[in-house]
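Undergrad: Encoded as structure tokens, here's the structure I'll be asking about.
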Amino acid sequence: MELIILGDKGDAMAALAEIVKERGITNAAVVSCVGAARSFTVSTMKADNPREAVHTSGRLAEVAGNGEIRDGVPNIHVTCGLEGGQAVAGHLETAEVGGPYSLHVYLQQL
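Residue -6 is where the sequence shown starts when you use my numbering, and the numbers rise one by one after that.
What follows is the structure, encoded as structure tokens:
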């Protein structure tokens, strides 16, 4: 099992894609993705048109999820907990980290 800590300022998903490329990781199970994001965007599918994405963005979120690295491309699905007990779930498109905000990605290469 490997741990990748995404804490440098910037987009965690872009950083994860770069790290798996550098390490030559092509296929892996993302067993857990946990942490916090300064801001995020997730996408889900439109109920009446699954090929059309619906994007939702938020700020200051607790993040928990899992997913995969397939053919070198990260695919992570998360639930983002927001202030007031609300949550947003979906495919993690972007997650701004830095300072006290970081994501820990635990993955198992296949």
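Each residue gets a CB set at the ideal place from its N, CA and C atoms; glycine is no exception.
1) Determine the direct distance from the alpha carbon of residue 17 to that of residue 38, and round the result to whole angstroms.
2) Distance check for residue 27 and residue 62, CA to CA, integer angstroms please.
3) Buried or exposed: which applies to residue 23, given that a residue is buried once 16 or more other Cβ atoms fall within 10 Å of its Cβ?
4) Tell me whether the region 90 to 97 and the region 35 to 51 touch, counting them as touching only if at least three CB pairs, one residue from each stretch, are closer than 8 Å.
5) According to DSSP, which residues form a beta bridge with residue 38?
TA: Here's the rundown:
1) 31 Å
2) 16 Å
3) buried
4) no
5) 46
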